[in-house]
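Chains as they are written, first to last, in the working numbering: chain A, 1 to 182; chain B, 183 to 504.
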C-alpha cells in the first residue's frame, strides 16, 4: 500500500545519511532556491544594485551626512542601512545606485521591478509585507513606544536566492555595524 | 476508570462484548493520545510555516484534526447513558450529531482554504522564503518547513492506521472519518513538500496550486461526510461503518426471521442510531403466536449481533411496502 512505501523510503533515507546529504548537497550546489524573476542574476550581470532609500534616523540619513557612503543627485546618503547595503554591493562585486523616495514610493518601485532593495528603517511588523519581501531581522531596537522591534531590509517578493544571499551577508557582519541592541 | 467501569461498558442498555470492549478502550486511548499529538503538530507547523500557502492549508487541516477526537470522546460518553422516559431509544444519535458537526467544519474550512489559495494565485503574490539561522548555521527556511511537515506526518499516519483498526468492530462513523483523514495525511504533507521544492526552483505558483488541492481534499471530505451524516440522521437504512454499502445485517435478520417456522413472511426496517441499530421486524405469522413465543423469536434474532438489542417484532396481516 502506498503509505507503507513512503514510510519505507523515508526510513531508508534516514538510515543512509550519506545518501540524504548527497541529495540535499546536490540540490543546494546547483543554485537553490532560485529567483522567479532572476534578480540576483541580473544584479550580477548588470553590475548594478539599485537601492531606494527613505530617510529614518539613524537607519538611513539623507542630506548633510557625517560619513556618507553614496549620493543620489545632490543628497548625501549615510546611516546604518546604507553602510550595510554598500558592503553587500562590494561583496557581490557590483556598484550601488541610490534613489531617494518616501516609503510608499519605494514599495511601489519594488513592486514594479524598478528597485532591487528598499531601506528606510523598516520593521518586521511593517504593513508593507504583502507587497514587498523582507529579510529576517538583522537587529532589534526599541521604537517610540519602548517596544522592541526587528529591523529588516526590503526586496522584491519571492526573490528567494537574492534575499537569501543578502541574509547570509548580514549574518556575517559584526553586531557593531548593525546598530540597535542585538 | 472506576471498578464498575472495568467490568461493564455499555452503549445505553447494550453491554459490550469483549471484542467491542477492547476496540472501544483502544479507540478512547488513541483519541486521548491524539489531542497532544495534534497540538504538537499545530505548534510545530505554525512555527515553521512562514509565508507558504500550502503550509497554511496543511496547518488548517491539522487544526481541524482536533474536532473528530473531541466529538468522539463527547459522543462516546453521551451515548453510554442508560435510556429513560425522556430518551427511550437511548442517546446514540450523539454519534451522528458529532459526525455531522465535524463534517460541517471540514466543509466550511475546506471551502475557505480553496478560496484563499485561488485569491493568492490571482494576485500573483510570490511566496518569500529566505534563510534561517539555527545553532550558527544559515540555511534555506524551506528545508526546515519540509522537515516539519515530514516529522509531523509520521505520528499522524501511524495514529490513523491504528484508529482504523478500531473503527469497524465499533461501527463508529466518527472514528472511521477521523482515521480515514489522518491516514491520508501523507498526501497533504507530500503535496506541501513538493510545493516547497517547486518554489525553490522558482515556480512560485506551485505553492498556491498545492494549497488549492489540499483545500479541495478537505472540502471533499467535508461534502462526503456531511452527506453521509445527514442521511444517517434522517433515518436512512443502516449502512456499513464506512458508509460504502448497505449493512449486511439488514438481509441477515430478514432471512433469519423468514426462516423461523412460525413465520410465513418477514420484512425488516433497520436504521442506524449511532453505534446501535433500531430494528423493526414485520412478520406475517404462520400460526397464532403467544407473547412468549414472540419473545423467543426476538431473542434469537437479537443474538445475531451486538448492535441489534433495540428490536421490535411487529405481527401484521400484510407486510408493508418498504
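For glycine and all other residues, C-beta sits at the position ideal for the given N, C-alpha and C.
Every value quoted in this text rests on a predicted model; they were computed, and no experiment measured them.
- Collapsing the DSSP output to three states places residue 346 (chain B) in a helix.
- Rounded to the nearest whole angstrom, the C-alpha separation of residue 399 (chain B) and residue 264 (chain B) is 39 Å.
- Below the 8 Å Cβ cutoff, chain B contributes no neighbours of residue 153 (chain A), its closest Cβ being approximately 11 Å away.
- Sixteen is the threshold: since fewer than 16 other Cβ atoms of the shown chains lie within 10 Å of the Cβ of residue 304 (chain B), the residue is exposed.
- Contact between the segment 229–241 of chain B and the segment 198–207 of chain B is not established, with fewer than three Cβ pairs separated by less than 8 Å.
- Here residue 452 (chain B) carries a strand assignment [DSSP, helix/strand/coil].
- Shown here for residue 299 (chain B): same chain residues with a beta carbon closer than 7 Å to its own, the five before and five after excluded, namely 235, 239, 390, 393, 394 and 397 in chain order.
- Rounded to the nearest angstrom, the gap between the Cα atoms of residue 498 (chain B) and residue 268 (chain B) is 28 Å.
- In this structure, residue 281 (chain B) places its C-beta atom within 9 Å of the C-beta atom of residue 253 (chain B).
- The beta carbon of residue 385 (chain B) falls within 9 Å of a beta carbon belonging to chain A, placing the residue at that interface.
- In the three-state reduction of the DSSP assignment, residue 266 (chain B) falls in the coil class.
- Spatial neighbours of residue 96 (chain A) in its own chain (CB-CB distance under 7 Å, excluding positions within 5 residues in sequence) are listed in chain order as 49, 51, 70, 85, 86 and 89.
- Annotation: Cβ neighbours of residue 315 (chain B) in chain A (cutoff 7 Å, chain order): 171.
- A residue is called buried when at least 16 other Cβ atoms come within 10 angstroms of its Cβ; residue 193 (chain B) meets this threshold and is buried.
- Contact of residue 307 (chain B) with chain A is assigned, a C-beta pair being separated by under 9 Å.
- Listed along the chain, the chain B residues whose CB falls inside 7 Å of the CB of residue 133 (chain A) are 310.
- Using a Cβ-Cβ cut-off of 8 Å, residue 382 (chain B) is close to 27, 32, 33, 34 and 160 of chain A, given in chain order.
- Taking the Cβ atoms as the reference, residue 357 (chain B) lies roughly 6 Å from residue 209 (chain B), within the contact range of under 8 Å.
- The Cβ of residue 324 (chain B) sits closer than 9 Å to at least one Cβ of chain A.
- Minimum Cα-Cα distance from residue 420 (chain B) among the listed residues B:328, B:432, B:409 and B:383 corresponds to B:432.
- In the structure shown, residue 135 (chain A) falls within a coil segment according to DSSP collapsed to helix, strand and coil.
- Here residue 328 (chain B) is buried, its C-beta having at least 16 other C-beta atoms within 10 Å.
- Setting aside the 5 residues that flank it on each side, residue 361 (chain B) is surrounded in the same chain by 342, 345, 346 and 349, each with a C-beta closer than 6 Å to its C-beta; the list follows chain order.
- Distance from the CA atom of residue 315 (chain B) to the CA atom of residue 173 (chain A), rounded to whole angstroms, is 14 Å.
- Taking C-beta separations shorter than 6 Å and ignoring five residues to either side along the sequence, the partners of residue 249 (chain B) in its chain run 284 and 287, following chain order.
- Cβ-Cβ distances below 8 Å link residue 155 (chain A) to 39, 110, 116, 117, 118, 132, 133, 134, 135, 162, 163 and 166 in the same chain, with the five nearest sequence neighbours on each side left out; the list follows chain order.
- Residue-level contact by beta carbon holds for residue 320 (chain B) and chain A, with a gap shorter than 9 Å.
- Below the 9 Å Cβ cutoff, chain B contributes 312, 313, 314, 315 and 320 as neighbours of residue 167 (chain A), in chain order.
- Spanning the alpha carbons of residue 412 (chain B) and residue 457 (chain B) requires a straight line of approximately 16 Å.
- A direct Cα-Cα distance of roughly 6 Å separates residue 191 (chain B) from residue 197 (chain B).
- With its beta carbon less than 9 Å from one in chain B, residue 163 (chain A) belongs to the interface.
- The criterion of a C-beta distance shorter than 9 Å is satisfied by residue 388 (chain B) and residue 377 (chain B).
- Cβ-Cβ distances below 6 Å link residue 104 (chain A) to nothing in the same chain once the five nearest sequence neighbours on each side are left out.
- Burial of residue 151 (chain A) is indicated by the presence of at least 16 other C-beta atoms within 10 angstroms of its C-beta.
- Residue 362 (chain B) carries a helical assignment under DSSP once its states are collapsed to helix, strand and coil.
- Residue 154 (chain A) is bridged by DSSP to A:118 and A:134.
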